[in-house]
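Notes follow the structure.
2 protein chains.
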Amino acid sequence: MKDEKKRGRPRAFDAKATLAKARDVFWDRGFAAASLDNLSAATNLNRPSLYGAFGDKEDLYLDTLEGYRQDGMYALAQALDPSLPLRDNLARVYEGALAVYLHGETAARGCLLIGTATVEAVERERVREVLGRSLSDFDGEIEKRMRLAVERGELPESADPQMLARLASAVMHSLAVRARAGDSRETLEAIARSGVELICGSARS
Amino acid sequence: MKDEKKRGRPRAFDAKATLAKARDVFWDRGFAAASLDNLSAATNLNRPSLYGAFGDKEDLYLDTLEGYRQDGMYALAQALDPSLPLRDNLARVYEGALAVYLHGETAARGCLLIGTATVEAVERERVREVLGRSLSDFDGEIEKRMRLAVERGELPESADPQMLARLASAVMHSLAVRARAGDSRETLEAIARSGVELICGSARS
DNA sequence: CATATTTTGTACCGTTTCGCATTAAATTCT
DNA sequence: AGAATTTAATGCGAAACGGTACAAAATATG
Chain A
1 MKDEKKRGRP RAFDAKATLA KARDVFWDRG FAAASLDNLS AATNLNRPSL YGAFGDKEDL
61 YLDTLEGYRQ DGMYALAQAL DPSLPLRDNL ARVYEGALAV YLHGETAARG CLLIGTATVE
121 AVERERVREV LGRSLSDFDG EIEKRMRLAV ERGELPESAD PQMLARLASA VMHSLAVRAR
181 AGDSRETLEA IARSGVELIC GSARS
Chain B
1 MKDEKKRGRP RAFDAKATLA KARDVFWDRG FAAASLDNLS AATNLNRPSL YGAFGDKEDL
61 YLDTLEGYRQ DGMYALAQAL DPSLPLRDNL ARVYEGALAV YLHGETAARG CLLIGTATVE
121 AVERERVREV LGRSLSDFDG EIEKRMRLAV ERGELPESAD PQMLARLASA VMHSLAVRAR
181 AGDSRETLEA IARSGVELIC GSARS
């Protein structure tokens with residue numbers, strides 16, 4: 001399913017690598033301020049090639065968002081390894097997020113979705129749909145782990161897995177915004193630690 | 001200090017009302033996607049008048065952000081009325097926020113700062129500065145109330161007012177993002193309730 | 001009333017924007 | 001080898017962009 005020789009002239013670029021470069025442009029500038037010329041320069045692709053391969057600017061943007069979402073979900077599942085205590089799971093989630101969020105040149109980039117899709121969500125339905133789905137998928141994955149924690153006794157029976165998951169996500173949303181607002185790594189790590197403590201606090205383990 | 005008769009032709013518009021209309025445009029479209037024509041149409045002001053009164057687009061945007069920040073700080077101080085229990089204070093903060101965030105035509109607008117300034121913060125230092133200051137001022141105001149709560153015994157001595165305040169803000173940040181992502185009022189209210197419960201949970205009152 | 005000063009409205013400028021039309025190049029199929 | 005097909009590259013073009021020059025209008029001052 002990989003190397004089906006297609007008929008015409010072969011592509012001189014790797015679609016995945018191109019998407020990654022386009023993603024970085026959107027990440028820094030946002031969707032609206034990223035011009036096709038910016039994207040063309042960053043990907044070393046002419047505008048017509050970009051257009052032919054990915055569609056218009058919004059299509060390309062949605063592609064990068066979808067890839068980012070999938071990468072995030074994979075990293076989340078890794079961090080939530082159920083053989084580790086819930087506390088460690090959450091700490092790993094935040095640690096991994098901060099590693100991504102703080103990687104910026106002039107200023108930290110935060111989260112691609114929260115940092116750049118949120119602003120477009122009001123007027124672009126497709127963006128709003130991806131953003132909404134990304135957030136709720138994220139919640140859902142954490143919720144699964146929370147439910148397991150209740151079953152195992154890591155959390156008391158009275159704990160509400162769905163709500164705890166949403167609050168765990170809330171801390172991440174805040175880290176994403178604050179990173180982009182210029183908060184220091186130390187501050188963000190302190191918030192992450194306190195978040196873990198508060199959410200796992202009811203666990204007497 | 002109000003009605004100093006200035007020399008030339010008087011202004012035919014109210015600066016504050018104009019800023020409010022411009023703010024609405026930025027709120028829906030974001031800074032980058034809001035054109036001077038959009039702003040001119042919404043404010044019923046010609047572009048040169050806009051420019052003369054508020055400077056360039058970024059200046060105008062920063063003005064609206066600053067006004068929004070001040071309004072928010074005032075509303076926050078009101079909600080944190082120290083004659084009420086901490087629980088009620090937090091609930092009022094979130095209730096007031098949701099009333100603002102859910103007011104949208106097609107989709108909910110969320111928070112002007114988190115929804116539209118975050119994306120510009122990376123490349124526009126002045127926006128990043130206002131956003132950072134807004135977030136930390138907000139944290140600080142809640143922190144004051146948290147410290148009072150510890151003094152009064154609403155929270156245990158072991159509670160960390162600064163961190164609890166930052167986590168209380170985190171819930172707000174999440175509400176802001178989720179509103180714009182299309183979450184329902186019911187969902188957001190449930191998150192707010194759970195947030196209050198979790199943060200005030202250590203209070204045995 | 002004349003002058004100075006500020007705001008308003010029209011029109012315009014150079015640039016950038018997105019998207020596409022067209023042609024050249026590279027590969028497979030016959 | 002030649003036809004068919006897909007991609008690459010150049011360049012165009014109409015529209016939108018932010019910003020400003022300039023003249024007309026409206027007020028205060030002398």
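Those protein sequence lines, which keep their order, are chains A and B.
The first sequence begins at 1 in UniProt numbering and counts up by one.
The second sequence begins at 1 in UniProt numbering and counts up by one.
Note that the Cβ used here is the ideal one computed from N, Cα and C, for glycine as well.
Since residue i meets chain B, which of its residues come closer than 8 Å, beta carbon to beta carbon?
i      : result
G72(A) : The contacting residues do not exist; G72(A) stays about 15 Å from chain B at best.
Within the 9 Å Cβ cut-off, does residue i reach chain A?
i       : result
E120(B) : yes
L98(B)  : no
R185(B) : no
S194(B) : yes
I191(B) : yes
T116(B) : yes
A20(B)  : no
Leaving out five residues on either side along the sequence, give the residues of the same chain with a beta carbon under 6 Å from the beta carbon of residue i.
i       : result
P10(A)  : none
L84(B)  : none
L98(B)  : L188
V25(B)  : A34, N38, L39, A42
L112(B) : W27, Y68
Let me know the secondary structure DSSP gives residue i once reduced to three states.
i              : result
Y16(B)         : According to the sequence shown, residue 16(B) is Lys rather than Tyr. K16(B): helix per DSSP, three-state reduction.
L65(A)         : helix
D71(B)         : helix
A22(B)         : helix
S49(B)         : helix
V122(A)        : coil
D160(A)        : coil
F54(B)         : helix
C111(A)        : coil
D81(B)         : coil
H173(B)        : helix
L86(B)         : helix
L188(A)        : helix
L98(A)         : helix
K6(A)          : coil
residue 206(A) : Chain A is shown from 1 up to 205; residue 206(A) falls before or after that span and cannot be answered.
R29(B)         : helix
N38(B)         : helix
E143(B)        : helix
T106(B)        : coil
E197(A)        : helix
Just checking: is the beta-carbon of residue i within a distance shorter than 9 Å of some beta-carbon in chain B?
i       : result
V25(A)  : no
D160(A) : yes
H173(A) : yes
T64(A)  : no
S205(A) : Residue placement at S205(A) is poorly supported in this model, since its pLDDT is 38, which falls under 50; the coordinates are not used for a value here.
G110(A) : yes
K6(A)   : no
Note down, in chain order, each residue of its chain lying with its Cβ closer than 7 Å to the Cβ of residue i, except the 5 sequence neighbours on either side.
i       : result
A17(B)  : none
L45(B)  : F13, T18
R92(B)  : A79
K2(A)   : Residue confidence is low: K2(A) scores 49 on pLDDT, short of 50, so the model does not pin down where it sits. Its coordinate-derived value is still stated next. Excluding residues within five positions, none has a Cβ falling inside 7 Å.
A22(B)  : L39, A42, T43, L60, T64
V177(B) : G110, I114
E143(A) : P161, Q162, A165
F31(A)  : Y61, T116, E120
Output, in chain order, the set of chain A residues within a Cβ distance shorter than 8 Å of residue i.
i       : result
I142(B) : Simply none; closest approach about 13 Å.
R145(B) : Residues of chain A passing the Cβ test: none, with the nearest at roughly 17 Å.
S169(B) : S174
A149(B) : Going along chain A, no residue has its Cβ under 8 Å from A149(B), so there is no contact; the nearest lies around 15 Å.
By the criterion of Cβ-Cβ separation under 7 Å, what are the contact partners of residue i in chain A?
i       : result
R178(B) : L135
R128(B) : A107, A181, G182
Whose Cβ in chain A lies nearer than 9 Å to the Cβ of residue i?
i       : result
L198(B) : M163, L164, L167, L198, I199, G201, S202
E123(B) : D28, R29, G30, A33, T106, A107
For the ligand NAD, is there any heavy atom lying closer than 8 Å to the beta carbon of residue i?
i       : result
R145(A) : The model depicted lacks the ligand NAD and carries no ligand whatsoever.
Would you mind telling me which residues of chain B sit closer than 7 Å to residue i, beta carbon to beta carbon, in chain order?
i       : result
L131(A) : A181
Kindly list the residues whose CB is nearer than 8 Å to the CB of residue i, restricted to its own chain and excluding five residues on each side of it in sequence; keep chain order.
i       : result
K6(A)   : none
I199(A) : L90, L164, L167, A168, V171
K57(A)  : F31, A34, L36, L39
Does the pairing of the stretch 72-91 of chain A with the stretch 140-151 of chain A give three or more beta-carbon distances under 8 Å?
yes
If you pair each beta-carbon of the stretch 188-195 of chain A with each one of the stretch 123-140 of chain B, do three or more pairs fall below 8 Å?
no
So, do the stretch 63-70 of chain B and the stretch 154-165 of chain B have three or more beta carbon pairs nearer to each other than 8 Å?
no
At a cut of 8 Å, does the stretch 113-131 of chain A reach the stretch 37-56 of chain A through at least three beta carbon pairs?
no
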